[in-house]
Amino acid sequence: MTAKKPFEHFLKNLRGAADVAGLSPEGLAALETPEHIHQTEVEFALDSGEKKKVPGYRVEHNSARGPYKGGIRYHHEADLDEVKALAALMSLKCAVVNIPMGGGKGGIQVNPKELSESEIERMSRAYFRWGTEEGIFGVNRDVPAPDVYTTPQVMAWMLDEHEKVLGYKSPGVITGKPLELGGSLGRSYATSQGGFFVLMKYLEKLNKVPGETTVAIQGFGNAGAYFAEIAHKAGFRVVAASDSKGGVACDVDSDSFDVRKLSEWKKAAGSLRGNFCEGKSCDMEMMKKEHVKIVSNEELLEMDVDVLVLAALDGVVHEENADRIKAPIILELANGPVTPEGDVILEKNNGAVIPDILANAGGVTVSYFEWVQNRSGDVWEEDYVIAKLRKIMEHAFDDLMKVRDENDTSLRQAAFVLGVQRIATAMKLRGTIANDK
Ligand code: NAD
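Heads up, the sequence shown is in numbering that gives the first Met the number 0, so the first residue is 0 and it goes up one at a time.
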């Protein structure tokens, strides 16, 4: 497996799109450099009473189009390089779907699985208190949301801490909140629903219908499991899914899973594979009855399916395995699951990657809806939210295809070009960069 260098990957993609986008050297330099990097040591008490300090970050990449927007991640690999890359991708993502927000990202470098719930609460409050007192977070300045291992409950603690510091209510400072505290209907599955809308548009172009389309999904968490459910309901043939412990696939070629069963298995055993196997010993009778075979994560990636959905980690398709990927379409629900080197190989093999900055932008789009609702004191109905999401995702897809066709680029490059052009226009209008090439 290649070493992860997420910000370098971002720069490679940015520089690759700069010429096609007509970006000036001054514009390129602006997008290569985050506007602000905030760092702290988050100090909180463990249940034992002992104090613990962990590194905390908030990177604000670009605000030409609106307040910074982007999640907060709790992960032992969430270092500055990763947070910088994710912040930059958020700027482009918001521009691709044309919502009036900039890009930011936060992270605490910690393994949350080693902390109790009350320790996570104290750490979350300490982080958000720091960001509020420093003037970083604010409804018109920088609006965070959940990301890996942060939940609506974590958002609720952070909101509460922010409002304690301010002394008044400001629900729009953070999105992905529980409904009771101003969260939006539809937010929980918005990322998967948005990805589904763009996949449907892409398949329409190929005259492919769901009933004839097989799907394998890497990652059965929030994004992957909701996507499986939505795709299954629409008639797609979901033939394999995996989580961090491994995966399950249908043992008969013509078969597909009833996705409700996958969710039941995951719930019952904590992992898909765990429903059938303990260590190396597997219940063959049960597997036969359910038409299941066990697959590793590598095997799932290399399955002969029509659509491979990447909904787990970054960097999973790279120079060492891209040649073995058979799926002609990859949908990136995760952030950065294909490395630039992997991209080159997939493109050579005529693989189409529907890139993260479009495919998973449904989450930030409904986060933006939540911010709008909080600022206006309104509560939108779920159907209205999803219809609005659909319009935005389909427009973005059409805009992206136009750029691709005009410039004969990959879908990823077209998405970068579209995002970069929109941000550059905003920077020129503000006078941040000169209005010539
Ligand atoms: P999650 O923690 O809910 O789920 C992640 C899933 O990936 C889990 O099922 C986990 O078991 C699985 N996984 C971990 N390691 C794996 C491995 N080696 N192989 C296979 N599966 C593995 O997280 P999520 O919210 O679903 O996010 C997944 C990805 O989607 C992340 O990259 C995240 O940044 C991106 N994303 C999520 C949202 C959202 O709204 N949830 C929005 C935009 C982007």
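Glycine included, every Cβ here is placed at the ideal spot set by N, Cα and C. On a predicted model such as this, the values are computed, not experimentally measured, just so you know.
DSSP-derived helix/strand/coil call for F444
No answer is possible for residue 444: it lies beyond the span of the chain, which begins at 0 and ends at 436.
Out of curiosity, what's the CA-to-CA distance linking A222 and A333?
8 Å
Looking only at its chain, what residues have a beta carbon closer than 6 Å to the beta carbon of G185, apart from the 5 residues adjacent to it on each side?
Counting only Cβ-Cβ distances below 6 Å, and skipping sequence neighbours, we find V365, E381, V384 and I385.
Between the C-alpha atoms of D250 and D257, what's the straight-line distance to the nearest angstrom?
14 Å
The segment 276-287 touching the segment 322-336, judged by at least three CB pairs closer than 8 Å
no
Are the segment 120-128 and the segment 76-90 touching by the rule of at least three beta carbon pairs closer than 8 Å?
no
Residue burial classification, T1 (beta-carbon count within 10 angstroms, cutoff 16)
Because T1 sits at a pLDDT of 49, beneath the cut-off of 50, its placement in the model cannot be relied upon, and the following sentence gives the value as read from the coordinates. Exposed, by the Cβ-count rule.
Any chance you could list the beta strand (DSSP E) runs of at least 3 consecutive residues sitting entirely within the segment 49-114, in chain order?
Correct list: 50-61, 67-74 and 102-108.
Using 8 Å as the threshold, is the C-beta distance between A413 and V402 below it?
yes
Measuring alpha carbon to alpha carbon, tell me which residue in G101, L30, L79 and A44 is nearest R64.
G101
Grouping DSSP H, G and I as helix and E and B as strand, with all else coil, what is K266?
helix
Hey, how far is the Cα of L357 from the Cα of A189?
13 Å
Indicate whether K104 and V58 have their beta-carbon atoms separated by less than 8 Å.
The Cβ-Cβ distance between K104 and V58 falls below 8 Å.
Any heavy atom of the ligand NAD closer than 7 Å to the CB of Q38?
no
CB Q38 to CB Y67, shorter than 8 Å?
The answer is no: Cβ separation not under 8 Å.
Which runs of the beta strand (DSSP E) fall wholly inside the segment 124-194 and span at least 3 residues, in chain order?
Runs of the beta strand (DSSP E) lying entirely within the segment 124-194, each at least 3 residues long, are 141-145 in chain order.
C-beta contact flag for K176 and L158 at 8 Å
yes
Among residues of its own chain, excluding the 5 on either side of I36, which ones have a beta-carbon nearer than 6 Å to its beta-carbon?
V58
Select from H75, V308, N320 and C276 the residue whose C-alpha is nearest the C-alpha of V294.
C276
Rounded straight-line distance, which links the Cα of E393 to that of N373
N373 and E393 have their C-alpha atoms roughly 25 Å apart.
Relative to the C-alpha of L417, which residue among L91, L30, L79 and D303 is closest?
L91
Inter-residue Cα distance where the pair is A155 and S270:
Whole-angstrom Cα-Cα distance: 28 Å.
Residues in the same chain with beta-carbon distance under 6 Å from G314, minus the five sequence neighbours each way, listed in chain order, please.
Closer than 6 Å at Cβ, skipping near neighbours: K3 and T338.
Would the C-beta of Y201 count as close to the ligand ZN, meaning under 7 Å from any of its heavy atoms?
The ligand ZN is not among the ligands present in this structure, which contains only the ligand NAD.
Ordered along the chain, which non-local residues of its own chain (more than five positions away) have a Cβ less than 7 Å from that of P99?
R64 and G65
Any beta carbon from chain D within less than 8 Å of A125's own beta carbon?
Annotation note: the requested chain D is absent from the structure, which comprises a single protein chain.
For the ligand NAD, any of its heavy atoms closer than 7 Å to the Cβ of T338?
No - the ligand NAD has no heavy atom lying nearer than 7 Å to the Cβ of T338.
Considering only their Cβ atoms, is the gap separating Q108 from D141 smaller than 8 Å?
no
From which residue to which residue does the alpha helix (DSSP H) around T212 run?
Counting along the chain, T212 falls outside any alpha helix (DSSP H), and DSSP gives it neither H nor E.
Going by beta carbon distance, what residues of the same chain come within less than 8 Å of G220, once the five residues before and after it are set aside?
D242, A310 and A311
Tell me, which residues are paired with L307 by DSSP?
A215 and I329
Please determine whether the Cβ atom of V147 lies at a distance below 7 Å from any heavy atom of the ligand NAD.
yes
Taking only three categories from DSSP, how would you classify M0?
For M0, the pLDDT reaches just 45, beneath the cut-off of 50, and the residue's location in the model is therefore unreliable, leaving the point undetermined.
7 Å Cβ shell around P478 - same chain, five flanking residues per side excluded:
Here the chain covers residues 0 to 436 and nothing more, so residue 478 does not appear.
Since I believe A227 is in contact with A248 (beta carbons under 8 Å), could you give me their beta-carbon distance rounded to a whole number of angstroms?
That belief does not hold up - the Cβ atoms of A248 and A227 are roughly 13 Å apart, past 8 Å.
DSSP beta-bridge partners for F43?
Answer by DSSP bridge pairing, in chain order: K51.
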